[in-house]
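Enquirer: Adding 751 to a residue's 1-based position in the sequence shown gives its number in our numbering.
So that we are looking at the same thing, I have put the structure below in structure tokens.
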Amino acid sequence: GQKLLDSLAETWDFFFSDVLPTLQAIFYPVQGKEPSVRQLALLHFRNAITLSVKLEDALARTHARVPPAIVQMLLVLQGVHESRGVTKDYLRLETLIQKVVSPYLGTYGLYSSEGPFTHSCILGRV
């Protein structure tokens, strides 16, 4: 549990501070096309690493110490969207975020450590 969190935090720090900027620098001449190199790299990190390890189990442990890098990772990945809109993987990511950020405003409403709020606000489309 804790080893996984610490190892993932270290992996994220390396990826976010070294690998991602290097990829962006290498592919700088071809920027401007969507999706960007940054989006592709972050989505791949989300799918290949964050969602493939047993992070949910590690976060569910009562005495788990969640490193700040894990919170940063989840929130940065939450800001990356796919062109086809909300996907199953994005919703899985939101489930993980709810375990470390409270209250959290997700795709389907506001969540707190006490559970989802029972009231909602529906905004009309303009």
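Yeah, the Cβ is synthetic: ideal placement off N, Cα and C, and Gly gets one too.
Model, not experiment: these values are computed from the prediction.
(1) What are the start and end residues of the alpha helix (DSSP H) that includes LEU861?
(2) CA-CA distance, LEU755 and TYR859?
(3) Rounded to the nearest angstrom, what separates VAL851 and ALA799 at their Cα positions?
(4) Less than 6 Å between C-beta atoms, sequence neighbours within five positions excluded: which residues of the same chain meet that for TYR855?
(5) Find out if the Cβ-Cβ distance for the pair LEU844, LEU828 is shorter than 7 Å.
(6) With DSSP collapsed to three states, give me the class of LEU856.
(7) Can you grab the Cα-Cα spacing for the pair TYR879 / LYS805, in whole Å?
(8) Helix, strand or coil: how does DSSP classify PRO772 here?
(9) Can you tell which of GLY857, SER768, PRO780 and TYR779 has the C-alpha that lies nearest to the C-alpha of GLY830?
Expert: Reading off the structure:
(1) In the DSSP assignment, LEU861 falls outside any alpha helix (DSSP H) and within the unbroken beta strand (DSSP E) covering 860 to 863.
(2) So the alpha carbons of these two residues sit roughly 29 Å apart.
(3) One C-alpha to the other measures close to 21 Å.
(4) ILE848, GLN849 and TYR862, listed in sequence order.
(5) LEU828 sits close to LEU844, with the two beta carbons spaced by under 7 Å.
(6) Looking at LEU856 - three-state DSSP - the assignment turns out to be strand.
(7) The structure shown does not extend to residue 879, since the chain is modelled only from 752 to 877, so the question has no answer here.
(8) Correct three-state label for PRO772: helix.
(9) Ranking GLY857, SER768, PRO780 and TYR779 by Cα distance to GLY830 puts GLY857 first.
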